[in-house]
Amino acid sequence: MLARHAKYRLGQVVRHRKHPFRGVVFDVDPEFSNTEEWYQAIPEDSRPTKAQPFYHLLAENDQSYYVAYVSEQNLIADYSGEPVDHPDIPEMFGPFEDGSYPLHFNLN
Numbered sequence: 001m002l003a004r005h006a007k008y009r010l011g012q013v014v015r016h017r018k019h020p021f022r023g024v025v026f027d028v029d030p031e032f033s034n035t036e037e038w039y040q041a042i043p044e045d046s047r048p049t050k051a052q053p054f055y056h057l058l059a060e061n062d063q064s065y066y067v068a069y070v071s072e073q074n075l076i077a078d079y080s081g082e083p084v085d086h087p088d089i090p091e092m093f094g095p096f097e098d099g100s101y102p103l104h105f106n107l108n
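Residue numbers 1 to 108, in the UniProt record's numbering, belong to the letters of the sequence shown in order.
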């Protein structure tokens with residue numbers, strides 16, 4: 001089995017490559033770990049491969065805040081220097097600094 005390394009780190013601000021939203025990484029799965037129903041709901045012509053990291057994001061767009069689950073191939077780093085305003089960020093992270101959020105808790 002090949003070791004997989006996540007491109008993005010916890011607390012990093014990223015944006016979706018195709019859709020107008022950005023978010024803060026709060027968890028990473030080394031490969032797809034959601035339901036088959038969720039996966040099949042993605043249009044086949046834009047469905048990502050399962051054998052790559054998938055990121056849990058505290059996401060925002062112009063209208064709302066939500067949690068997103070996104071494949072690594074569909075993310076790019078956000079270098080805007082702008083914080084994300086998701087209301088759950090303070091529960092997991094410290095204040096925005098140098099383009100990312102420091103973790104508020106220790107990992108196991």
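Beta carbons are placed, not taken as given, at the ideal position from N, Cα and C, and that holds for glycine.
Check                                                                             : Outcome
Start-to-end residues for the alpha helix (DSSP H) that takes in E72              : Taken as a continuous stretch (DSSP letters only), E72 belongs to no alpha helix (DSSP H), as it is neither H nor E.
Beta-carbon gap between Q73 and P48 smaller than 7 Å                              : yes
Beta-carbon proximity list for P87, same chain, < 7 Å, skipping 5 on both sides   : Y65
Proximity to V67 [Cα-Cα], best of S80, I89, Q40                                   : I89
Rounded C-alpha distance that separates M92 from F26                              : 8 Å
Exposed unless 16 or more other CB atoms sit within 10 angstroms - verdict on S71 : buried
Distance between S33 and I42 (C-alpha atoms, nearest Å)                           : 15 Å
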